[in-house]
Amino acid sequence: MPRVARLLRDASTRIDATDAAVLLAHVAARPRSWLYAHGDDELDGAVADAFAMLLARREAGEPVAYLTGRRGFWRFELAVTPDTLIPRPETERLVELALARLPPERALRVADLGTGSGAVALALAHERPHACVVATDASSAALAVARGNAAELAIANIESREGDWCAPLAGDCFDLIAANPPYIAAGDPHLGEGDLRFEPDAALASGDDGLDAIRAIVRDAPARLVPGGWLLLEHGWEQGTAVRALLQQAGFIEVSTERDLEARDRVTLGRIPAGVAPL
Ligand code: GLN
């Protein structure tokens, strides 16, 4: 029977060593730390076979998150599938910036457009239990994943609605709308590299300049925001100037771009004027 250390050593000649440990821990249903403390332990054949299969798939490029079905985001270990984007650490910046504009203890209405696995919506709903969060997505398969995550995390102040961008918000007004929409230019060679090859194209690419989804959201969001309400959009590191211009043209005020942990432009935000006070 194969021993843990041997399996890891052999796998590390084929894929990244950390990826190998994550995959072996997954099939062995043990924490990764267990592997390192039990290098001489033997694993049964079924576990070794399952590991061999995942190893081959990883070698062929499949993202680790799709192989384990899990990815950490915020305080959670979310379920992800090939129907959803794999949550990125930089998107936690979008969550932080939204939370800074959502006073606790108030019954605010919040929307997350193109929620995918539900990452942003769930983080906001969890941190603001008095808020009511609407999570939208055009993909019913993605919404099923988001609902599963909400159920697993027992987060109840969240509702899912199917449709494009602001369309499922019709008739309602929100204090804050956040989105991590697709923003990569359709012809960008990165789409043919790494994990992106396996992620849903609709979650990544958006027209010739990558801004189609952002333009649609900026066009429709003002009608869905209360006076003084905020719109926050994640975007590519070279799109800050373009997204600020779109928000300003649409009448948003206090428009600014915030950077991610790697000091790259990542989130642009603005608010609807609070309205003219009556004389
Ligand atoms: N930030 C992701 C990437 O560049 C793209 C995600 C998105 O388009 N929202 O890999």
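Using the UniProt record's numbering, you'd call the opening residue of the sequence shown number 1 and step up by one each time.
Ideal Cβ placement from N, Cα and C applies to all residues, glycine included.
Anticipated Cβ contact below 8 Å, residue i with residue j, distance rounded
i	j	result
V267	L233	7 Å
R88	E77	Not quite, the Cβ-Cβ distance comes to about 15 Å (not below 8 Å), so this is no contact.
V218	L247	6 Å
A144	I158	About 14 Å; that fails the 8 Å criterion.
L7	F51	6 Å
P273	I253	5 Å
D188	I86	The pair is not a contact, with the Cβ atoms about 17 Å apart (cut-off 8 Å).
R224	C132	Contact doesn't hold; Cβ gap of about 14 Å is too wide.
N149	A202	The Cβ separation is near 19 Å, so there is no contact.
G240	R271	Rounded, the Cβ-Cβ distance is 17 Å, inconsistent with contact.
R197	G61	6 Å
Nonlocal neighbours in the same chain, by C-beta distance under 6 Å from residue i, ignoring five residues either side
i	result
H38	V4
V47	V27 and A28
P168	T136 and R161
A142	D83, T84 and G116
L108	L102, A131 and D175
R32	A21 and A25
G275	P227
Residue i versus the options, residue with shortest Cα-Cα distance
i	options	result
T68	V22, T136 and A144	V22
G236	A46, Y183, Y66 and G194	Y183
V64	R75, T81 and W74	T81
E127	P104, S117 and R14	P104
P200	D83, A29 and L43	D83
Q249	P31, R215 and L108	R215
H130	A142, A156 and G45	A156
T13	A25, D49 and L55	L55
S140	E152, G163, A125 and A119	G163
A11	E59, A28 and W34	E59
Y66	G45, W74, A242 and H26	H26
G118	A242, A151, L191 and G192	A151
L97	A107, D220 and V120	V120
L213	V243, L153 and E193	Note on residue identity: the sequence assigns Ala, not Leu, to residue 213. Of the listed residues, the one whose Cα sits closest to A213 is V243.
residue 347	G192, D220 and E193	No statement about residue 347 is possible, as the shown extent of the chain runs from 1 to 279 and does not include it.
E238	L191, D265, A154 and S33	D265
Cβ shell of residue i (< 7 Å), same chain only, five flanking positions each side left out
i	result
A186	A205, G207 and D208
R101	L176 and W230
R147	S160
D44	M1
D41	R3 and V4
R30	none
Near the ligand COA: residue i beta-carbon under 8 Å from a heavy atom
i	result
P129	Here the bound small molecules are the ligand GLN; the ligand COA is not part of this structure.
Own chain residues within Cβ distance below 8 Å of residue i, not counting five before or after
i	result
R75	A123 and H126
L35	V4, L8, A21, L24, A25 and A28
D19	R58 and V64
S256	R244, T268, L269 and G270
D16	none
E193	none
R106	H130 and A131
H190	I184 and L196
L153	F76, L122 and H126
Would the stretch 244-263 and the stretch 76-93 be scored as touching if the rule is three or more Cβ pairs under 8 Å?
yes
Inspect the CB distances between the stretch 103-116 and the stretch 171-184 and report whether three or more fall short of 8 Å.
yes
Run through the stretch 172-224 for me and flag every whole beta strand (DSSP E) of 3 or more residues, listed as ranges in chain order.
174-179
So within the stretch 51-88, which uninterrupted alpha helix (DSSP H) runs reach at least 4 residues, ignoring any that extend past its ends?
64-68
Note down, one range per segment and in chain order, each beta strand (DSSP E) of at least 3 residues found wholly within the stretch 11-46.
none
Runs of alpha helix (DSSP H) lying entirely within the UniProt domain "Methyltransferase small" (97-186), each at least 4 residues, in chain order:
119-127 and 140-152
Completely contained alpha helix (DSSP H) runs for the stretch 215-270, where each covers 4 or more residues:
240-249
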